[in-house]
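Numbering (my numbering), first residue to last: 1 to 409.
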């Protein structure tokens, strides 16, 4: 049985979400000069391009996942959450990995890999103790991400960096497919219920299974042989499978409800990324590898991180679901960042598109921190500026997330 949330449980995610957002701002902000052709201000490793890529994969995503999982695990398993001192130590472990990228680059990848491996072990221990086999795949995907980070960490002159990055991206996409596949339809269904409508969502098992198999095969093929025609075909099937899965969730009916719509849009970039890679491989010279990769990195990974952090922060703050102009602007900035980054390779004056993409990305995460400043930085008990919700009248984001991702089924 799922355990009730205690006030102390609500604090587990805060520091990780704060630093995930700050890291998202940093890893893109320091890349901007290099993206515009300006030489980096320091002459020694790491390069800003390395910090840019690895900051998202081994900084932003692990911090977001840790904040999410430390709150979600007790509800999945019915077990007590890890202690507050243990959570603080876990944060400093993550911070050490990020600081090492600047202070001790040779060890940075190994420290980040060790942190992710520890998180995987925590998840594995909790789901094993609760005999919660449904969530074993999350521990396995975190383990794969740790392996990818480790390969990047020891890649000097050994040729492991590129395969390590592919493994890491594939593992993160797997986590999005698994967790997003719970959160998005559940939030959507609850939104229909809140409007007094019967949910039209019907999750057909053959579509779920077929899309899962197609996605797993495509990601494995992309990790092993990223330029083979068979990989392109596999990516095409995965794109269709994920699109079919998304159609079941009636995304078009969420247009007027941006907090839920943005989750649909972020998930949609998983399918678009597969489609881009299929075209890139099967029709060389049409869509570049960088464009396809950024469809995943900025669209699926970046936008989903923002949407999940906003969803869980609102839920844990107990805030009523009211339209927030600033948070809506944050979502719009995130969407613009994706589109303009993809457009940079297709239109003239590339630097303008890159500048716009970078600026809107930074704005999206900065606005997230501003909107939820009291919930993240202040005393949650006071919740100043946030409207408490009477018992039993939780918001769409609260109830939907509990149904879709925090309760053990």
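Glycine is no exception: its CB is placed at the ideal position from the N, C-alpha and C atoms.
Item: Residue 72 - containing alpha helix (DSSP H), residue span; Value: 61-77
Item: Distance between residue 91 and residue 80 (C-alpha atoms, nearest Å); Value: 19 Å
Item: Residues near residue 409 by beta carbon distance below 6 Å, same chain, minus five either side; Value: A caution first: residue 409 carries a pLDDT of 40, below 50, which makes its placement in the model unreliable, though a value can still be read off. No residues qualify anywhere along the chain.
Item: Status (buried if at least 16 other CB within 10 Å, exposed otherwise) for residue 228; Value: exposed
Item: For residue 349 and residue 186, the rounded distance between their alpha carbons; Value: 42 Å
Item: CB of residue 256 within 8 Å of CB of residue 273, strictly; Value: no
Item: Where residue 257 sits in the DSSP three-state scheme; Value: coil
Item: Cβ distance (whole Å) where residue 145 is taken to contact residue 168 below 8 Å; Value: 6 Å
Item: With 16 other Cβ atoms within 10 Å as the buried cut-off, status of residue 203; Value: exposed
Item: Separation of residue 288 from residue 74, as counted between CA atoms; Value: 43 Å
Item: Element boundaries [alpha helix (DSSP H), containing residue 174]; Value: 161-194
Item: Run of the alpha helix (DSSP H) containing residue 333, from where it starts to where it stops; Value: 325-343
Item: Proximal residues to residue 154 (C-beta, below 8 Å), its chain only, five neighbours per side dropped; Value: 109, 110 and 160
Item: Where the alpha helix (DSSP H) containing residue 208 begins and where it ends; Value: 205-224
Item: CB contact flag (residue 304, residue 176, <8 Å); Value: yes
Item: Environment of residue 316 [buried if 16+ CB atoms lie within 10 Å]; Value: buried
Item: Residue 109: first and last residue of the uninterrupted alpha helix (DSSP H) it sits in; Value: 105-129
Item: Alpha carbon of residue 19 to alpha carbon of residue 60, nearest angstrom; Value: 8 Å
Item: Cβ-Cβ separation, residue 333 to residue 358 (assumed contact under 8 Å), whole Å; Value: Incorrect: roughly 11 Å between the Cβ atoms, too far for contact.
Item: Residues of its chain near residue 411, where Cβ-Cβ distance is below 6 Å and the 5 sequence neighbours each way are ignored; Value: Nothing can be reported for residue 411: it is not among the residues displayed for the chain, which extend from 1 to 409.
Item: Proximity below 8 Å, CB of residue 243 to CB of residue 271; Value: yes
Item: Assigned secondary structure, residue 52 (DSSP; H/G/I helix, E/B strand, else coil); Value: helix
Item: Status (buried if at least 16 other CB within 10 Å, exposed otherwise) for residue 206; Value: exposed
Item: Which of helix, strand or coil DSSP assigns to residue 227; Value: coil
Item: Proximity winner among 132, 24, 266 and 122, relative to residue 308 (alpha-carbon distances); Value: 266
Item: Contacts around residue 384, its chain only, beta-carbon distance under 8 Å, and the 5 residues preceding and following it disregarded; Value: Low confidence applies here, because residue 384 scores a pLDDT of 40, under 50, leaving its location unreliable; read the following figure in that light. 374 and 378, listed in sequence order.
Item: C-beta atoms of residue 330 and residue 368 nearer than 8 Å; Value: yes
Item: Nearest neighbour of residue 84, chosen from 269, 13, 31 and 126 [CA to CA]; Value: 13
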